[in-house]
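>
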Amino acid sequence: MKASRYVASAVVVLISSFATYFYTTNLDTSEWEVVTIADGDSFTLSKNNRKETFRLYGIDCPEKTQPFAGKARTFTTTMLNEGAIRVKAVEKDTYGRTIAWVYSDTLCLNEALLENGLAWHYTYFSSDAELAALEKQARDHKSGLWSEPDPVPPWEFRHRKKQRNSDSRSSAKTPDLSGADGQL
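The sequence shown runs -21 to -1, 1 to 163 under mature numbering (1 follows the signal peptide of the UniProt record, and there is no 0).
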């Protein structure tokens, strides 16, 4: 009987320790400082002399040459410089960036960008109902990029750009074998 109490106590301590570790590693409340802002959804922060690059979870902001890209970047810069930055890491991406929910004080940057029409809900990577609802609300109110007649999602924009680059490389590599009269 005594042994089972010790086992039960050990299990409770183990679970409690795991829960504390999981919570503190997933919601980092230590002081982060802004190093650089690449665009609306990607930036580098620093703490304890260690830099880390982040990508916001579940959203995709316009690419640098798309409409509203500058506004998204400015919005992110302002939010990150106005409050204490907290990070809730989700995973690492293939580029080594930490995919995360990021907060400035109590405001969630991921959600705020969507709410202000400065990002798309990135449904390929997220099925979050709250993010979907925030995008719909911004669309309905024609906020930010939704005021444009036909905004192009960044993933389509990147795909088109990649396709154009691929096509131009292909045509540059293909020699013109036709004669002056256009015949082979």
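For each residue, glycine too, the CB sits at the ideal point set by N, CA and C.
Are the segment 124 to 138 and the segment 89 to 99 touching by the rule of at least three beta carbon pairs closer than 8 Å?
The segment 124 to 138, when compared against the segment 89 to 99, does touch it at the 8 Å Cβ threshold.
> Between residue 51 and residue 72, is the Cβ-Cβ spacing less than 9 Å?
Not in contact: residue 51 and residue 72 (Cβ atoms no closer than 9 Å).
> What distance in whole Å lies between the Cβ atoms of residue 41 and residue 33, which are believed to be in contact at a cut-off of 8 Å?
Residue 33 to residue 41, Cβ: 18 Å. No contact.
> DSSP state of residue 65, grouped into three classes?
Strand.
> Tell me which residue opens and which closes the alpha helix (DSSP H) that residue 117 is part of.
Counting along the chain, the alpha helix (DSSP H) containing residue 117 begins and ends at 108 to 119.
> Buried or exposed for residue 14, please, with buried defined as at least 16 other CB atoms from any protein chain shown within 10 angstroms of its CB.
Residue 14 comes out exposed.
> Measure the C-alpha to C-alpha separation of residue 140 and residue 44 and round it to an integer number of angstroms.
About 11 Å.
> Would you check if the distance between the CB atom of residue 91 and the CB atom of residue 54 is smaller than 9 Å?
The answer is yes: Cβ separation under 9 Å.
> In terms of DSSP beta bridges, what is residue 99 paired with?
39.
> Can you give me the Cβ contacts of residue 94 inside the same chain, cut-off strictly under 8 Å, excluding the 5 residues immediately before and after it?
Closer than 8 Å at Cβ, skipping near neighbours: 113, 116, 117 and 122.
> Could you tell me if residue 119 is buried or exposed, where buried requires 16 or more neighbouring beta carbons within 10 angstroms of its beta carbon?
Answer is exposed; the Cβ neighbour count stays below 16.
> Within this structure, are the beta carbons of residue 82 and residue 69 separated by less than 9 Å?
No, the pair does not count as a contact, with Cβ atoms beyond the cut-off.
> DSSP state of residue 127, grouped into three classes?
In this structure, residue 127 counts as coil in the three-state DSSP scheme.
> Residue 36: buried (16+ other C-beta within 10 angstroms of its C-beta) or exposed?
Buried, since its Cβ has 16 or more Cβ neighbours within 10 Å.
> Quick one: what does DSSP say residue 23 is sitting in, helix, strand or coil?
In this structure, residue 23 counts as strand in the three-state DSSP scheme.
> Could you tell me which residues DSSP puts in a beta bridge with residue 81?
Answer is 66.
> Hey, quick one: how far does the alpha helix (DSSP H) through residue 90 stretch, first residue to last?
Unbroken alpha helix (DSSP H) run through residue 90: 88 to 94.
> So what's residue 147 in DSSP terms, helix, strand or just coil?
DSSP places residue 147 in helix when its eight states are reduced to three.
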